[in-house]
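Numbering (the working numbering), first residue to last: 28 to 567. Glycine included, C-beta positions come from ideal geometry on N, C-alpha and C.
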């Protein structure tokens, strides 16, 4: 079967290529550039717990060695601290801040070690032709040619050629926010802590919206972002240097400390959402499908989640034949999550940026507004928290044995220690992304016994038989505990780490129905039954 074609070699495209290769799917990545990225210290990304773990799983690289996990977060207004969050030392919940070119380099190095991934550099997409049996993509450049694939995914950014060739609309809002950006090396009073400072007390030269963010990077570097007022006022290098000096002096009680300016820029945030994320064998992901980023939220986080969601569904189609309901669920799940994030941002925009349209709907003090902004930066609340697929078409219906646990159906599971099939202790998250469903038995006390002693005891033989009979490949794991889950409950987890359901005990029929729903079989069956019923009514 032909490989999957990925257009674009940014972090999302490379992540998708690695995720597919991990599931034994060959990939061709069309890179319109020369295959390397120029260092830009002013371009950085903040990764949440789940996306950092995804990248480490795919690259085999400990990202903490290349980025910096914040030790805390501080919100200030004028001279007053309005909120503080302290993270445990190297705690997993701490956001990871890393230069984007360093992250991309790690992804490129991992791709170079994957025989199933081929990167075609200097290859700019020019045309797409879909057929019943596959898809063809024409590139132009020094090595222009036709490429044959099974599916094609556009990860080619804001001005996506794939999106334009498929005539997919990309409505939204332009220049929701603009920030002047500077990355520099200096010493600040909040070592390792990120800072949001609203309405700082010092006088700033030039137009200002009165908000500056400082986020630490490795090797004593910091990225500073100044929110600019609406409009398109030119930000000159001189303006940026003045902002740097005034801000550093304000934070250090008057005297500008020594600093080394590494890079500068202007970052403009747009909010857009593609009308469709699938057109036959063509899919969109990352900035090609959505743009967001106001209030400190990170668009790359959502792009990486796009890749994680789509990879196992494309792999299932590649290995087992088209599963249209499963492929359709990519748009249904991911577009709904991003749309909810954009709606939340639009609702709070008038409040947080000085308008009064929603003050009666969302009353709150300045401290409350700072907390909302912190949510966006820290990946919490409606502005920043990872989305749930509770309303997914893949969600199972009417399971008699379903029980509530600490994770709601459709949400990402908590990472706990589990015993794998070979008897080794691993993290649950380490078993994700292999293309198989995960069935996790909660069995307190099993951690002290060798697997061979309890595999044939209690409910294990019956559960193992039920897992073998599932309509899709599944791996059986055992955990001593899981938040909110009673002993002998069974969790069914998707390959991308989202909970399908939790069952009370071993219930083969419910487990089978849930697995069938999770891979689109139940959706297809319902559709076929509905079509048969409609056809029957027309003949009567």
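Query	Result
Per DSSP, what kind of secondary structure is residue 322 in: helix, strand or coil?	helix
Whether or not the segment 73–81 and the segment 49–63 are in contact is what I'm after, with contact meaning three or more pairs of Cβ atoms, one per stretch, closer than 8 Å; do they touch?	no
I need the DSSP call for residue 220, collapsed to helix, strand or coil.	strand
Which residues does DSSP pair with residue 408 in a beta bridge?	Note: residue 408 sits in no beta bridge, so no partner.
Would you say residue 122 and residue 400 are within 8 Å of each other, going by their C-beta atoms?	no
What did DSSP end up calling residue 548 once you bin it into helix, strand or coil?	helix
Taking only the alpha-carbon atoms, compute the straight-line gap between residue 468 and residue 398 and give it to the nearest angstrom.	38 Å
Would you check if the distance between the CB atom of residue 58 and the CB atom of residue 147 is smaller than 8 Å?	yes
Which same chain residues, not among the five before or five after residue 44, have their C-beta less than 7 Å away from its C-beta?	33, 54, 56, 138, 144
Just the Cα atoms here: how many angstroms apart are residue 548 and residue 409?	31 Å
If I follow the unbroken beta strand (DSSP E) through residue 178, where does it start and stop?	178–181
Under three-state DSSP, which class holds residue 455?	helix
At 4 residues or longer, what runs of the alpha helix (DSSP H) sit wholly inside the segment 213–296?	264–278
Please give me, in chain order, every unbroken run of the beta strand (DSSP E) with length at least 3 that falls completely inside the segment 494–535.	501–506, 517–520, 526–530
So what does DSSP say about residue 487, is it helix, strand or coil?	helix
Which value, in whole angstroms, describes the spacing of the CA atoms of residue 360 and residue 411?	17 Å
In terms of residues, what are the limits of the alpha helix (DSSP H) holding residue 153?	Careful: residue 153 lies outside any alpha helix (DSSP H), inside the beta strand (DSSP E) at 151–157.
What do you get for residue 28, buried or exposed, if any count of 16 or more other CB atoms within 10 angstroms of its CB means buried?	exposed
Taking residue 110 as part of the beta strand (DSSP E), name the residues at either end of that continuous run.	107–113
Is the Cβ-Cβ distance between residue 248 and residue 210 less than 8 Å?	yes
Check this for me: beta carbons of residue 353 and residue 310, under 8 Å apart or not?	no
Under the assumption that residue 506 contacts residue 443 (Cβ atoms under 8 Å), give the Cβ distance between them as a whole number of angstroms.	5 Å
On the premise that residue 512 lies in contact with residue 503, defined as a C-beta separation below 8 Å, what is that separation, rounded to the nearest angstrom?	Not really, about 16 Å apart at Cβ, beyond 8 Å.
Who are the near neighbours of residue 200 in its chain, counting only those whose CB is closer than 6 Å to its CB and skipping five residues on each side?	298
Nearest-angstrom Cα distance between residue 315 and residue 380?	27 Å
Hey, is the segment 124–139 in contact with the segment 94–109, meaning 3+ C-beta pairs nearer than 8 Å?	yes
Since residue 135 contacts residue 225 with CB under 8 Å, what's their CB separation in whole angstroms?	That pair is no contact at about 38 Å.
From which residue to which residue does the alpha helix (DSSP H) around residue 46 run?	38–49
Look at the Cβ atom of residue 428, then the Cβ atom of residue 305, and state whether they are nearer than 8 Å.	no
What's the call for residue 20, buried or exposed, on a 16-neighbour Cβ count within 10 Å?	Residue 20 is absent from the structure shown; the chain starts at 28 and stops at 567.
By the 10 Å Cβ neighbour count, where 16 or more other Cβ atoms means buried, how is residue 190 classified, buried or exposed?	buried
Classify residue 31 as helix, strand or coil using the three-state DSSP reduction.	strand
Are residue 212 and residue 286 close, meaning C-beta to C-beta below 8 Å?	yes
Starting from residue 356, trace the alpha helix (DSSP H) both ways and give me its first and last residue.	351–379
How would you call residue 109, buried or exposed, if buried means at least 16 neighbouring beta carbons within 10 angstroms?	buried
Would residue 440 and residue 526 qualify as a contact pair, given that the criterion is a beta-carbon distance under 8 Å?	yes
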